[in-house]
Structures are given as C-alpha cells and as structure tokens.
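Read in full-length UniProt numbering, the sequence shown has 516 at position 516, and its numbers run on one by one without any break. Cβ atoms here follow ideal geometry from the backbone N, Cα and C, with glycine treated the same way. Note sheet for the following structure.
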Amino acid sequence: MERNSSLLERPEFLSALFASTNDGIVVCNAEGELTYVNQKAQEFFGGPSGADVIQNWQEHYDMYYPDSKIPIAKEDIPLYRAFKGEVVKNIEIFVCRKGQEPLLFVCNAQPIIGQDGTRLGAIVTFQDITNLRLNKTMAELNNALARSEKRFRAIFEQSPLSIQLLAKSGHTILVNPAYRQLWGVSEEFVQNYILKDFNLLKDKLLEESGQLETIKRAFKGETVGVPEFLYDPAKVGVYDARARWAKGILYPLKNDQDEVQEVVVIHQDVTEQHEVNEIQVFMAHIKSMLISTLDYEEIIRKVGSASIPILADGCAVDLLEGDCIKRLIIKHFDPNIEKLIQKMTDEYPPDLQTPQPTSRVLTTGKPLLTNKLSNEMLKNFCVSQEHVDLMVAIGFNSHIAVPLKIRGRTIGCLNLYNTTERKRFDERDLRTAMELGRHLAVAIDNARLFKDFQSAVRLRDDFISIASHELRTPITSLNLQIEVLNDLINNLGIDTTETQLMKKFLNGTNGQLARLTRLVEDMLDISRISTGKLTLRKKKTNLSEFTKEILGRFADQLKSLQIELKYETSKEVSAEIDPERFEQVITNFMTNAIRYGNKKPIHVNLEEIEDKLILKVQDFGRGIAPEDQERIFKRFERAHTAEDVSGLGLGLFINKQIIEEHGGTVRLMSEMGKGSTFIVELPRV
Numbered sequence: 001m002e003r004n005s006s007l008l009e010r011p012e013f014l015s016a017l018f019a020s021t022n023d024g025i026v027v028c029n030a031e032g033e034l035t036y037v038n039q040k041a042q043e044f045f046g047g048p049s050g051a052d053v054i055q056n057w058q059e060h061y062d063m064y065y066p067d068s069k070i071p072i073a074k075e076d077i078p079l080y081r082a083f084k085g086e087v088v089k090n091i092e093i094f095v096c097r098k099g100q101e102p103l104l105f106v107c108n109a110q111p112i113i114g115q116d117g118t119r120l121g122a123i124v125t126f127q128d129i130t131n132l133r134l135n136k137t138m139a140e141l142n143n144a145l146a147r148s149e150k151r152f153r154a155i156f157e158q159s160p161l162s163i164q165l166l167a168k169s170g171h172t173i174l175v176n177p178a179y180r181q182l183w184g185v186s187e188e189f190v191q192n193y194i195l196k197d198f199n200l201l202k203d204k205l206l207e208e209s210g211q212l213e214t215i216k217r218a219f220k221g222e223t224v225g226v227p228e229f230l231y232d233p234a235k236v237g238v239y240d241a242r243a244r245w246a247k248g249i250l251y252p253l254k255n256d257q258d259e260v261q262e263v264v265v266i267h268q269d270v271t272e273q274h275e276v277n278e279i280q281v282f283m284a285h286i287k288s289m290l291i292s293t294l295d296y297e298e299i300i301r302k303v304g305s306a307s308i309p310i311l312a313d314g315c316a317v318d319l320l321e322g323d324c325i326k327r328l329i330i331k332h333f334d335p336n337i338e339k340l341i342q343k344m345t346d347e348y349p350p351d352l353q354t355p356q357p358t359s360r361v362l363t364t365g366k367p368l369l370t371n372k373l374s375n376e377m378l379k380n381f382c383v384s385q386e387h388v389d390l391m392v393a394i395g396f397n398s399h400i401a402v403p404l405k406i407r408g409r410t411i412g413c414l415n416l417y418n419t420t421e422r423k424r425f426d427e428r429d430l431r432t433a434m435e436l437g438r439h440l441a442v443a444i445d446n447a448r449l450f451k452d453f454q455s456a457v458r459l460r461d462d463f464i465s466i467a468s469h470e471l472r473t474p475i476t477s478l479n480l481q482i483e484v485l486n487d488l489i490n491n492l493g494i495d496t497t498e499t500q501l502m503k504k505f506l507n508g509t510n511g512q513l514a515r516l517t518r519l520v521e522d523m524l525d526i527s528r529i530s531t532g533k534l535t536l537r538k539k540k541t542n543l544s545e546f547t548k549e550i551l552g553r554f555a556d557q558l559k560s561l562q563i564e565l566k567y568e569t570s571k572e573v574s575a576e577i578d579p580e581r582f583e584q585v586i587t588n589f590m591t592n593a594i595r596y597g598n599k600k601p602i603h604v605n606l607e608e609i610e611d612k613l614i615l616k617v618q619d620f621g622r623g624i625a626p627e628d629q630e631r632i633f634k635r636f637e638r639a640h641t642a643e644d645v646s647g648l649g650l651g652l653f654i655n656k657q658i659i660e661e662h663g664g665t666v667r668l669m670s671e672m673g674k675g676s677t678f679i680v681e682l683p684r685v
C-alpha cells in the first residue's frame, strides 16, 4: 500500500497517467498559470502554452454556453470556477479556436488543495462529446422527421381535399384517396392511367378551358389559383372518371437553388355548391315557365326539356286518366336512347296492375328512389325477358319516381332516370325532384281548372247567344202586337175609363218589353265581346250635340222622378265614334246615375283638354265602396246586392269594352255617401 502511495506521488507516473487518458486535462497553479496540458487537450485545440493564464483563454478560444449562441462569461469557465474554489460537475460548453468549428465538451473541475488546506491550483477534465451529441441530434432529427413524415402521410391520406403531386414533366407522382373520391376512380385506374399516361401539361380539357397557361406558371415557380370550372373527362374519351366542378391551387416545391422540383395540386370539389346554385336557377326558371302557359301538355313538354341534363339524363311524365296511365312525354339527351325508351313504352306501356315503379308510385302516392338498378331489380318489375333485355340496352342505372299530387290525390308521376355511370341519384336529387313534382302538379291542376273554366264559359256564352237570339223573335212579335193594339184603341176614338186603363197597361207592358230588349241586347253584346266580334262603325261626330240629344231622351223620366240634370260643355267637341255604341255608353252611365243617385242632381260634363276628350257623369247618391270599384267593371258584377236593384250587372262591363275599342279609358272616383263620378277619356280627332 505504501509502495502504491509513493508511486502516485511520482511526477512521471502522473504524467503517464494523464497522457494515456482520452479526456483532455488542464492544470493551473495557485497564480492561475497553466502548468500542465496533456496530449489529448493539445489535440483538441492545440495549446495553450504553459505561460498562459486562465484569464487569457478567451483571447485564444471562442466559448459558448450549451445553446452554442451565447458567449460564456469568464466567471463561468469551469477551470476558473475551480480556481476560485468551486467543484464543477458535468458542465457542457462549446469551445473552438478562432475561425474553426466548435467542439462540445462536458467538463468536470475542482480545486487542488494541499495537505495543510491551502489551495494549490485547479484541474479540469473535458471529454469531447461532439459526435455523441451529433449522433443524438441526428437520431432526434430522424425521429422528428419520421414523425413529420407520418403526420404528413396522415394529412395526405386523410385530407378532405384532393392532393396530386406532379413531376416537372407534368406527370403524376402521387395522389391521395380524396383525389380518387373526387373523380370517382379506382386505385387500379390511378395506377394504370393517372400515374403512367396522364400528363397535366398536355391536358386538352385544360387547354380548351383556358386554364393550362395559368397552370404552367406554377411549373415556373409561381403559386397560382385555378378558378372553378367543369372538368369532364368523358369529353376526351376517359369514361372511368366522372365530371366535376372543381377549383384548385398549385404550389411549386423548390430546392435550395430556388429551382422547381415538383408541383403540388390541391383540388376543391365545388360540384355540390355549383349544382345547388344551378338547381336554384333551374327552379326559378321552372316557376316562371309554369306560369307562361295554361296548356298543361305544353307545360309538361317544357319542364321535361328543361330538366335535361340538369336533373337527369332523361325523363318521362305519366298522368292518370281513370284507371289508365297515359305517358305524355319521353325525353333523353341521346336521341337513340329516346327511341329505345319510346319503343319500350309502346311495347310495355305503364299499367297499374304491373309492379313497375310508375305503377307503385301512382298506387301508393309515395316517391321512389333507386340508386342502382341491378338486373335482379329489372327482372322483378319487367313483364318478360325481352322487356329486361330492352331495359339493359337502354342502360338504366338509377331512377327517381315522384307522385304528382293535388289536395291529397295522386294525378300522375314524374320519372327521372340516368343511363350513364358518371351520375347516380341521391337523397338531394330526390328532394329536388319532389319539389319539381309539387310545382308541376299545381301547374297541371291549374291548367286543367282553367280548361274546365273555359269550357264552362263557352257553354255559358253559347247559351247566352242562343237564348238572346231566341228571345229576340218573341220580343219583336210582342212589340208589333202592342203597336197594333195601341193603333186599334186610338182608331176607336173612344175615351172611356176602360180604354184609358188598357192604354196604361199597354204602356207598362211596352216599358217592360223595352227593358227586356235592353237585357237581350246586353247579352248579345257579351257574346260578341267574348268571341271578338264587337265591331265599331266610327264616324266623325259632334259629341257635344250628340250627348245633349241622348240626355234629352231622359227628360220625361227625370221629370217624373224629380231629378235635376245639369249638362256642361265648353265648346263644340268632335270625336271619331260609333254613334250607336256611344249612345249605349251614355245611356248606361245615366241609368246607373238615376238608379243609385237617390234622386239627387246628376251632372254631366264634356270638355276638351290638350289631346283628350273627357266625359264625366256624376251623381251624389250612395257611392261605391273602395273594394268594389275595380270589380264593377267586370261582367255580371254590381256594387250593390240583387235585392237593391234589378239588372244583370253587364252595363259597366260593356261600357268599358266599348270605350277601350274606341282607344279610350274609363275610371271611377267614388266615396261612400257622397256619390260617384265616371270619367271617360277619348283621344281627340
């Protein structure tokens, strides 16, 4: 033991020991002078010489804290800390000679204490852990890279946006699942076509749409956006991919020299949004179309044509007529397929007794959506194998049938069908079809009601025309007989109570016949107006004198009723009128004024203002309520109840038609309890 102790105290032993270690060792004395630097320390950084002191190390070396960025303070240098009496363990610092790469050391240092307790100096050992740390860092970086790649792969695989990685040549390197979903293609199609043959920079569809020049800018280093447009691969003979509305962004991937290596394309599918907008525009167009005509067969034809290809490849509309189904329209974008569907309809017409989709919808009143028509389904509702073969030849793959319902009653069926693989119906399509069916059903019902109304009006007008003509003969005969009786009584020359009573009865009968004659003439006028046969025989007329003459015919009636008539005209007023018809106008207005005027004065005014002639007939009677003022100009309409007054309610309607035939207008000003004023405006001669 003593021998070993003496060995440790020998300088040559310590020197050999320090020289053989892989750690660098530096020793300083109590004055801070470096007294020993072993071989390893000199290999690390070539010195310093024994004359240097601790305080001068920073003149020879750059020292940094472990972050390798912040220079280390002198008081934090491990040997200096040991020189000051501190024990330092496992401190990491970066050290490098001026202008060289830094080395990372782990340092341990402690003071050298003599047996008497005095501080003799300090020693520091340092181990180069640069490669160890580098390996650790590389491992961490590799792990981080692996995690990053895993995250990128997850993002790439799970992204809802279609991602396509392109080489500089324009060929596809990689696509994600969203790409396959967007274009509706299989992995096999991607491998055999997209990754092998497809070249984005030679895409004819992109060139025709004007997008290719924009896309080429990405291959020159620019990030570019491509606005939405319809990309339909079928236009270039690729039928395995479906048509979609899409927009995209292209990002160039560059190397350190700013050279484009690859290009990332991100597609966003905007088909649904575009289709929603398209459907909204379509439905607005349909609504305006449905009110453009009241011929329901024309409505069905228009709707069928407009639905293709926006809603479907083809359509058919069936209506119930009793227990039979009548197919009114067959449409398809392909004329050849349309002929096949017509052939199928002719050979296998829809029948309520068969299990065909149309029959099911018409009998149940419930819509039917078939997303995929299989051969088994076809066999279930086809009546024969030939029927199945014809359906297969047509190529039906999905089908929607919705009922046309009015007030809970099914009147028909709207059929939409697709024959191409690029489109299959879904619930959204069913909702659209049901909305279209509702509008179509209402339009058909309105058209039918209008047709029924027209038939009823024609029957009424025919009846009025026939009845009026039939009544004319007996009325004419009665008038002649009354005239004969009047002549006989007058020729008798006898004036007795009996003859006076007979004259009174004959005059009363004559008045009633005149009233009946007016009613018959009114009905004949209605018939003429309805058939467009109301004709005018115009001639230039002194309207001032003409009006005065017509008003004069009411003198006896006004006198007997004690009604004052006031007629004003500023000067001689002339107009191109049909005298017979205009007499009818004035007579009708005067009759109304007498009937509803409560025996109050009647004012008639005729004047010429600029390029117009204005005739006003005013009474001060009961007036007409605001809600009735438009209605009274319609046929068979009156402002007051039948109990109040007699008549058919035709006079004002006929007046309006006659005035408008003269190129004029008529309007009413009235206030309840204050009377009414009818104002006629005619163009001046």
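* **Beta-carbon spacing of serine 574, leucine 536 below 8 Å** => Numbered from 1 along the sequence shown, position 574 holds the residue referred to as residue 574. Numbered from 1 along the sequence shown, position 536 holds the residue referred to as residue 536. For serine 574 and leucine 536, no; Cβs fall outside 8 Å.
* Asked: For arginine 581, is the classification buried or exposed, using 16 other Cβ atoms within 10 angstroms of its Cβ as the cut-off for buried?
  -> As a working mapping, residue 581 is identified with position 581 in the sequence shown. By the neighbour-count rule (16 or more Cβ atoms within 10 Å), arginine 581 is buried.
* To do: Tell me whether the beta-carbon of valine 260 lies closer than 8 Å to the beta-carbon of lysine 254.
  => Along the sequence shown, read from residue 1 onward, the residue named residue 260 stands at position 260. Along the sequence shown, read from residue 1 onward, the residue named residue 254 stands at position 254. Yes. Within cutoff.
* Round the Cβ separation of aspartate 351 and isoleucine 329 to the nearest angstrom and send it over; I've been treating them as touching at under 8 Å. => By one-based count along the sequence shown, residue 351 stands at place 351. By one-based count along the sequence shown, residue 329 stands at place 329. About 18 Å separates the two Cβ atoms, so there is no contact after all.
* Sequence-distant residues of the same chain with beta carbon closer than 8 Å to asparagine 415, five excluded per side -> Start at 1 with the first residue of the sequence shown, and residue 415 comes out as number 415. So the qualifying residues of the chain are Cys315, Ala316, Val317, Asp318, Pro357, Thr358, His399, Ile400 and Ala401.
* What separation, rounded to the nearest whole angstrom, lies between the Cα atoms of serine 305 and alanine 393? -> Locating residue 305 in the sequence shown gives position 305, where the first residue counts as 1. Locating residue 393 in the sequence shown gives position 393, where the first residue counts as 1. Their Cα atoms are separated by approximately 23 Å.
* To do: For the beta strand (DSSP E) holding proline 227, just list the boundary residues, first then last.
  => Stepping through the sequence shown from its first residue, residue 227 is reached at position 227. Residues 224-231.
* In the DSSP assignment, what are the bridge partners of threonine 569? -> In the sequence shown, counting from the first residue as 1, residue 569 sits at position 569. Paired residues: Leu606.
* Rank Ala312, His332, Thr354 and Gln181 by C-alpha distance to the C-alpha of glutamine 268 and give the top, closest one. => One-based indexing of the sequence shown puts residue 268 at position 268. The residue with the shortest Cα to Cα distance from glutamine 268 is Gln181.
* Asked: Can you tell me the Cα-Cα spacing of arginine 431 and phenylalanine 453, whole angstroms?
  -> Position 431 of the sequence shown, counting from 1, holds the residue named residue 431. Position 453 of the sequence shown, counting from 1, holds the residue named residue 453. Whole-angstrom Cα-Cα distance: 33 Å.
* Enumerate, from N- to C-terminal direction, the unbroken beta strand (DSSP E) stretches of 3 or more residues contained entirely within the segment 533-564. => 539-542
* Whole-angstrom distance between valine 666 and isoleucine 614, CA atom to CA atom -> For this step, residue 614 is matched to residue 614 along the sequence shown. For this step, residue 666 is matched to residue 666 along the sequence shown. Looking at the two C-alpha atoms, the distance is approximately 10 Å.
* beta strand (DSSP E) containing serine 676: first to last residue? -> The residue you call residue 676 lines up with position 676 of the sequence shown. That run of the beta strand (DSSP E) goes 675-683.
* Is glutamate 138 buried or exposed, if buried means 16 or more other CB atoms sit within 10 Å of its CB? -> On the sequence shown, position 138 is the one that residue 138 refers to. This sequence places methionine at residue 138; glutamate is not what is there. It counts as exposed.
* If you check the beta carbons only, do phenylalanine 396 and threonine 419 fall under 8 Å apart? -> Sequence index remark: in the sequence shown, residue 396 carries index 396 (1-based). Sequence index remark: in the sequence shown, residue 419 carries index 419 (1-based). Taking 8 Å as the Cβ cut-off, phenylalanine 396 and threonine 419 qualify as a contacting pair.
* Can you grab the Cα-Cα spacing for the pair serine 288 / phenylalanine 554, in whole Å? => In the sequence shown, counting from the first residue as 1, residue 288 sits at position 288. In the sequence shown, counting from the first residue as 1, residue 554 sits at position 554. Taking the straight line joining both Cα atoms gives about 52 Å.
* **CA-to-CA distance, aspartate 295 to aspartate 628, given in whole angstroms** => As a working note, residue 628 is residue 628 in the sequence shown. As a working note, residue 295 is residue 295 in the sequence shown. Those two C-alpha atoms are separated by around 31 Å.
* Beta-carbon contacts of threonine 370 that lie in its chain and below 8 Å, excluding the five residues immediately before and after -> The residue labelled residue 370 in the question sits at position 370 within the sequence shown. Correct list, in chain order: Pro357, Met377, Ser398, His399, Ile400 and Phe425.
* Are glycine 597 and glycine 621 closer than 8 Å when you measure CB to CB? -> For the purposes of this step, residue 597 is identified with residue 597 of the sequence shown, where counting begins at 1. For the purposes of this step, residue 621 is identified with residue 621 of the sequence shown, where counting begins at 1. Result yes, Cβ atoms of glycine 597 and glycine 621 sit closer than 8 Å.
* Asked: Buried or exposed: where does asparagine 38 fall if 16 or more other Cβ atoms within 10 Å of its Cβ makes it buried?
  -> Residue 38 sits at position 38 when you count from the first residue of the sequence shown. Label assigned to asparagine 38: buried.
* Indicate whether serine 162 and asparagine 176 have their beta-carbon atoms separated by less than 8 Å. => Against the sequence shown, residue 162 aligns to sequence position 162. Against the sequence shown, residue 176 aligns to sequence position 176. Yes, the Cβ-Cβ distance between serine 162 and asparagine 176 is below 8 Å.
* Could you tell me whether the segment 329-346 touches the segment 484-501, using the rule of 3 or more Cβ pairs below 8 Å? => no
* To do: Answer yes or no: do glutamine 562 and lysine 599 have a C-beta to C-beta separation smaller than 8 Å?
  => Taking the first residue of the sequence shown as 1, we reach residue 562 at position 562. Taking the first residue of the sequence shown as 1, we reach residue 599 at position 599. The answer is yes: Cβ separation under 8 Å.
* Asked: Between Glu583, Gly117, Ile113 and Met502, which lies nearest to isoleucine 123 when the distance is taken from Cα to Cα?
  -> For the purposes of this step, residue 123 is taken as the residue at position 123 of the sequence shown. It is Ile113 whose Cα lies nearest to the Cα of isoleucine 123.
* To do: Tell me where the alpha helix (DSSP H) around isoleucine 586 begins and ends.
  => Looking up residue 586 in the sequence shown gives position 586. 579-596 is the extent of the alpha helix (DSSP H) around isoleucine 586.
* How would you call threonine 223, buried or exposed, if buried means at least 16 neighbouring beta carbons within 10 angstroms? -> As a working mapping, residue 223 is identified with position 223 in the sequence shown. Label assigned to threonine 223: exposed.
* **Separation of aspartate 240 from phenylalanine 189, as counted between CA atoms** => Here residue 189 refers to the residue found at position 189 of the sequence shown. Here residue 240 refers to the residue found at position 240 of the sequence shown. So the two alpha carbons sit approximately 8 Å from each other.
* Asked: Contact check, asparagine 588 vs isoleucine 654 under 8 Å by CB: the rounded distance?
  -> Position 588 of the sequence shown holds residue 588. Position 654 of the sequence shown holds residue 654. With a Cβ gap of about 7 Å, asparagine 588 and isoleucine 654 count as contacting.
* **leucine 501, buried or exposed, once every other Cβ within 10 Å from all chains shown has been counted against 16** => Sequence index remark: in the sequence shown, residue 501 carries index 501 (1-based). The residue in question, leucine 501, is exposed, as its Cβ has fewer than 16 Cβ neighbours within 10 Å.
* Asked: Looking only at its own chain, which residues have a Cβ that is under 7 Å from the Cβ of cysteine 96, when we skip the five neighbours before and after it?
  -> On the sequence shown, residue 96 is found 96 positions in, with the first residue counted as 1. Contacts found: Tyr61, Asp62, Pro102 and Leu103.
* Asked: When you compare only the Cα positions, how much space is there between aspartate 323 and tyrosine 231?
  -> Counting from 1 along the sequence shown, the entry for residue 323 is found at position 323. Counting from 1 along the sequence shown, the entry for residue 231 is found at position 231. Going by the C-alpha atoms only, they are around 47 Å apart.
* To do: Please report the residue range of the alpha helix (DSSP H) in which arginine 151 lies.
  => Looking up residue 151 in the sequence shown gives position 151. Counting along the chain, the alpha helix (DSSP H) containing arginine 151 begins and ends at 130-158.
* Paired residues, beta bridge with aspartate 619 - DSSP -> Taking the first residue of the sequence shown as 1, we reach residue 619 at position 619. DSSP lists Ile602 and Ser676 as partners of aspartate 619.
* To do: Please report how far the alpha carbon of lysine 343 lies from the alpha carbon of proline 227, in whole angstroms.
  => Within the sequence shown, numbered from 1, the residue matching residue 343 stands at position 343. Within the sequence shown, numbered from 1, the residue matching residue 227 stands at position 227. Lysine 343 and proline 227: Cα-Cα distance of roughly 44 Å.
* Starting from the C-beta of glutamine 158, find all residues in its chain whose C-beta is less than 6 Å away, skip the five residues before and the five after it, and write them out in chain order. => Looking up residue 158 in the sequence shown gives position 158. No residues qualify anywhere along the chain.
* Look at isoleucine 411 and leucine 320 and say whether their C-beta atoms are less than 8 Å apart. => Within the sequence shown, the letter at position 411 stands for residue 411. Within the sequence shown, the letter at position 320 stands for residue 320. Going by C-beta atoms, isoleucine 411 is nearer than 8 Å to leucine 320.
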